[in-house]
Amino acid sequence: MERTIWQGKLLQDLESVAAVTTAGDLKFGIALDQPPEDLTLANPEDAPAFMAELLNGATVRVEGGHPWLKQSRMPVSSEGALTIRVTPKKLSGTSKELVYHPKTLVLGVGCERGCSPDELIELAERVLEDSSSTGKDSPSWAAQSLAGIFSLNLKADEPAVHALAKHYDVPLRFFSPEELEEETPRLKNPSTTVFQEVGCHGVAEASALRAAGKSGRLLVPKIKSKRATCALAESTETPLLSKLGKPRGILSVVGTGPGSAEWRLSEACEWLQEAQDWVGYELYLELIQDLRQSQKIHSFPMGEESERVRHALDLAAEGKNVALISSGDPGIYAMAALVHELLEQENKASWNRIQVRVSPGISAFQAASARVGAPLGHDFCAVSLSDLLTDREVILQRLDAAAKGDFVVALYNPVSSKRRELLEMAKNILLPFRSPDTPVIRARNLGRPGEQVSVLKLEELTTETIDMLTLVLVGSSKTRVYYDKNNHPRVYTPRGYERKRREQEAA
230 MERTIWQGKL LQDLESVAAV TTAGDLKFGI ALDQPPEDLT LANPEDAPAF MAELLNGATV
290 RVEGGHPWLK QSRMPVSSEG ALTIRVTPKK LSGTSKELVY HPKTLVLGVG CERGCSPDEL
350 IELAERVLED SSSTGKDSPS WAAQSLAGIF SLNLKADEPA VHALAKHYDV PLRFFSPEEL
410 EEETPRLKNP STTVFQEVGC HGVAEASALR AAGKSGRLLV PKIKSKRATC ALAESTETPL
470 LSKLGKPRGI LSVVGTGPGS AEWRLSEACE WLQEAQDWVG YELYLELIQD LRQSQKIHSF
530 PMGEESERVR HALDLAAEGK NVALISSGDP GIYAMAALVH ELLEQENKAS WNRIQVRVSP
590 GISAFQAASA RVGAPLGHDF CAVSLSDLLT DREVILQRLD AAAKGDFVVA LYNPVSSKRR
650 ELLEMAKNIL LPFRSPDTPV IRARNLGRPG EQVSVLKLEE LTTETIDMLT LVLVGSSKTR
710 VYYDKNNHPR VYTPRGYERK RREQEAA
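Positions 230 to 736 (the numbering used here) are the ones given, in order, by the sequence shown.
And the structure:
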C-alpha cells in the first residue's frame with residue numbers, strides 16, 4: 230500500500246500506524262472496532278494498530294470464543310503474536326491484545342423500601358470487585374459484561390433499582406415470587422424470613438440464577454449492605470432478555486393535540502412510537518395512524534372511559550409499554566385525571582408498580598385562540614357544559630362565578646344530541662356582565678378536515694351550528710375585535726400594557 234511523503238511524516242509525528250478499516254473488512258471479513266451488540270471492546274483505541282499488524286502478516290491467538298470471531302477469516306494460530314481475549318474479567322488490553330467483554334454477567338439485587346441509590350450502586354461495585362471465586366489475584370468482573378439487572382417484581386417501582394440500571398446503562402427485568410422460588414435448591418443463602426415476607430427464599434441470588442439460566446453459575450453469592458443485597462451470576466451465553474422476567478410497565482398518557490400532525494409535541498410522538506400497545510377512543514386512534522408501526526390497537530367507543538383506562542393499566546401491569554391516547558391535552562377534561570383517580574381508589578398492587586407519565590398536548594381552547602389572535606391574553610377559565618359527570622347546579626354556579634369574575638370563558642362540550650339548553654343558559658348568565666357585542670369564537674374540528682372557525686357576537690350565539698366537536702370561547706368585557714387588511718377578524722384580550730403606558734406618561 231503506497232502512501233505519500235506527507236502522510237508518512239504525519240504518522241511519524243503522531244507516533245501512529247495507518248490501518249485502512251475497509252482493507253481489514255475486505256481481507257478478513259471483520260471490523261474489529263465494531264463488534265456485535267453482545268460484545269464490548271474494552272480498548273477500541275488499540276484496534277487500528279492491531280488491524281495494521283494483521284494486515285502486515287501477523288497471526289492471532291483467540292482466547293475465549295464468539296461466533297462473530299469464528300466467522301472471520303483472520304489468521305488464527307495458537308502461537309499468534311497477537312491476542313484476542315473474550316472474557317468477563319476486567320482487563321485493559323494493549324495494541325497487541327484486544328479485550329472483548331461478552332454480555333454474560335447478570336446482577337441480582339434486592340433492597341428495602343426507600344434504599345438510597347448510592348448504597349445499592351456501591352454494593353454492586355463491591356460485588357463486581359469480588360473475584361474470589363476465580364482465584365486470589367484474579368481480576369475483578371467487568372461492568373461492560375453486564376447483560377442486565379434483575380430483581381423481584383415487588384421492586385419494580387423502587388428508585389434505587391432503576392438508578393442502578395441507569396448507572397450501568399443496562400436493561401432491568403423483574404421476576405415473580407413464584408419464578409424465584411423455583412431457584413431455591415440452587416441458592417447459597419436461602420432465607421425463611423424472606424420467604425415469609427415476599428414469597429420466595431431469596432431475591433438477589435435467585436434473580437441472578439434465574440437470569441443466568443439452568444446452565445449458569447453463581448459467581449458471587451449474596452453480599453449485604455445495611456439495606457440492600459446483590460449477587461452475581463454468569464450465563465453460558467448472552468441471556469435472551471425478551472424471555473427473562475418482565476420490564477417495569479409504562480403507561481404513557483399522551484395528548485395528541487386537536488388533530489393535525491403539526492400540533493403534536495415531539496415528546497408525544499416519541500412515546501407513541503415507543504409504545505407496544507395503543508389504547509383509545511376510535512376517532513383519536515384514527516387521527517394518529519401515520520405514526521403507527523407495529524403497535525397493537527385497543528379501540529373503545531365513547532362512554533367507556535373507565536373500561537379504557539383499566540385496560541391500559543392492566544396491559545402496563547403485564548410489563549408492556551402502553552400509550553393511552555387523548556385528543557388535546559390529556560390533563561384537561563381527558564384521561565390523565567381518571568388514570569390517577571383509579572390508581573388511588575382501587576389501589577391495585579400490580580398497577581402501583583407501573584410507571585405512569587403524562588405528555589401534555591395543545592388543547593382546543595389554545596388552538597382556537599391561536600386561529601383568531603390572542604383572546605386568552607388575560608385571565609381565563611374553562612367550563613364543561615356536560616352534566617353527565619357534574620351536576621347541572623354546579624355547572625351553573627361556576628358559570629356565574631366566571632361571569633362575575635370577568636374571565637374569558639372556554640365552553641367545552643357545549644351541546645349534545647340530547648342536551649341543548651345549557652349553552653343558552655350559559656349565554657344568559659354571561660350577558661348581564663358583558664356587552665352583547667362581546668366577541669365569541671366558534672371553533673369546530675380544529676386541526677382536522679372540515680375545520681370551521683368564526684367570530685360572532687355574544688347576543689348571536691345559538692345552538693344551531695354547534696355540536697360536541699365545537700369549542701365556544703367567550704371574551705371578557707375587555708376582549709377586542711378588529712379586522713386585518715384582508716378583512717379577517719382578529720380577536721385579543723389586552724394584558725394591561727396600555728394602562729401601564731398611561732401611568733408612565735402621567736408620572
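All C-beta atoms in this analysis are idealised placements derived from N, C-alpha and C, irrespective of residue type, glycine included.
Q. Below 8 Å, can you find three or more Cβ-Cβ pairs linking the segment 504-521 to the segment 422-436?
A. No, because fewer than three Cβ pairs between the segment 504-521 and the segment 422-436 fall closer than 8 Å, the two stretches do not touch.
Q | CB contact flag (V568, V585, <8 Å) | A | Taking 8 Å as the Cβ cut-off, V568 and V585 qualify as a contacting pair.
Q: Could you give the DSSP three-state label for F636: helix, strand or coil?
A: Coil, per DSSP.
Q. Going by Cα to Cα distance, which pick from A552, E274, K332 is closest to P265?
A. The option with the nearest alpha carbon to P265 is K332.
Q: Could you tell me whether any Cβ in chain B is nearer than 8 Å to the Cβ of S555?
A: Absent from the structure is chain B; it holds one protein chain and no more.
Q. Skipping 5 residues on each side, what residues in its chain have a beta carbon closer than 6 Å to that of P589?
A. Within the same chain, Cβ atoms closer than 6 Å to the Cβ of P589 are found at G484, D558, the five residues on either side in sequence being excluded.
Q: Keeping to the same chain, check which residues put their C-beta closer than 7 Å to that of R731; ignore five residues upstream and five downstream.
A: For R731, where only same-chain residues beyond five positions count, there are no Cβ hits under 7 Å.
Q.
If contacts are defined as beta-carbon pairs under 8 Å, then V449 and S362 qualify, I think. What distance do you get, rounded to the angstrom?
A. Sure, about 7 Å apart at Cβ, within 8 Å.
Q | Nearest residue (CA-CA) to V427, options L447, F404, G445, A437 | A | Per the Cα distances, F404.
Q. Shortest alpha-carbon distance to H679 belongs to which of L687, R728, S489, H295?
A. Checking the displayed sequence, the identity of residue 679 turns out to be Gly instead of His. The option with the nearest alpha carbon to G679 is S489.
Q | the segment 418-427 in contact with the segment 301-312 per 3-pair CB rule at 8 Å | A | Inter-segment contact for the segment 418-427 and the segment 301-312 is absent: fewer than three beta-carbon pairs are separated by less than 8 Å.
Q | Selected residue, minimal CA-CA separation from Y562, among L284, N550, V669, V482 | A | Nearest of L284, N550, V669, V482 to Y562, Cα basis: V482.
Q | Range of the contiguous beta strand (DSSP E) that encloses S683 | A | Going by DSSP, S683 is part of the beta strand (DSSP E) stretching over 681-686.
Q. Using DSSP with H/G/I as helix, E/B as strand and the rest coil, what is R232?
A. Summary for R232: the model assigns pLDDT 46, below 50, so the residue's position carries little reliability; its value from the coordinates is reported in the next sentence. Coil, per DSSP.
**Q.** Residue range of the beta strand (DSSP E) that includes V338
**A.** Here the beta strand (DSSP E) through V338 covers 334-340.
Q.
Let's see if you can read the secondary structure: which residues bound the beta strand (DSSP E) around W221?
A. Examination of residue 221 is not possible in this model, given that the chain is present from 230 through 736 alone.
Q: Name, in chain order, the residues that DSSP records as bridge partners for M492.
A: A small correction: the amino acid at residue 492 is Trp; Met does not occupy that position in the sequence shown. Beta-bridge pairing links W492 to no other residue.
Q.
In whole angstroms, give me the CA-to-CA distance for M230 and P368.
A. Because the pLDDT at M230 is just 39, under 50, the model does not fix this residue reliably, and the value given afterwards should be weighed accordingly. Put simply, the backbone Cα of M230 is about 40 Å away from that of P368.
Q) Which of the three DSSP states, helix, strand or coil, is assigned to I583? A) In the displayed model, I583 falls within coil according to three-state DSSP, outside both helix and strand.
**Q.** Euclidean distance between Cα positions of T233 and L261
**A.** Below a pLDDT of 50, predicted positions are generally treated as unreliable, and T233, at 47, falls in that range; no measurement from the model is reported.
Q) CA-CA distance, A271 and R314? A) If I take the Cα positions, the gap works out to 10 Å.
(Q) Considering Cα atoms alone, identify which of A440, T465, E496, R456 is closest to K472. (A) Out of A440, T465, E496, R456, A440 has the C-alpha closest to the C-alpha of K472.
Q. Based on Cα-Cα distance, which residue from Q425, A546, A252, F594 lies nearest to P476?
A. Per the Cα distances, A546.
Q. Does the distance from the C-beta atom of V703 to that of L685 stay below 8 Å?
A. The answer is no: Cβ separation not under 8 Å.
Q) Alpha carbon to alpha carbon, how far is T467 from L352? A) When the Cα atoms are used, T467 and L352 turn out to be separated by approximately 24 Å.
Q.
Please report the distance separating the alpha-carbon of V305 from that of L470.
A. Approximately 32 Å between the Cα atoms of the pair.
Q) Can you list the beta strand (DSSP E) stretches of 3 or more residues lying completely in the segment 513-580, in chain order? A) For the segment 513-580, the full-length beta strand (DSSP E) segments reaching 3 residues or more read 525-529, 550-555 along the chain.
Q) Closest to K549 by CA distance: which of C610, L572, Q524, G634 is it? A) Answer by Cα proximity: Q524.
Q) Looking at the unbroken beta strand (DSSP E) that takes in E354, where does it start and where does it end? A) Not the beta strand (DSSP E): E354 falls in the alpha helix (DSSP H), residues 346-358.
Q: Consult DSSP for A497 and reduce its assignment to one of helix, strand or coil.
A: Helix.
Q: Give me whichever residues DSSP pairs with G486 in a beta bridge.
A: The partner list for G486 (beta bridge, DSSP) reads G557.
**Q.** Pick from E358, T323, E387 that is closest to E341, judged by C-alpha positions
**A.** Distance check between E341 and each of E358, T323, E387 places E387 closest, using alpha-carbon atoms only.
Q: Evaluate I583 with the Cβ neighbour count: other Cβ atoms within 10 Å of its Cβ, from every protein chain shown; 16 or more gives buried, anything less gives exposed.
A: I583 is buried by the Cβ-count criterion.
Q. Considering I658, what are the terminal residues of the alpha helix (DSSP H) in which it resides?
A. It spans 650-659 - the alpha helix (DSSP H) in which I658 sits, taken as one unbroken run.
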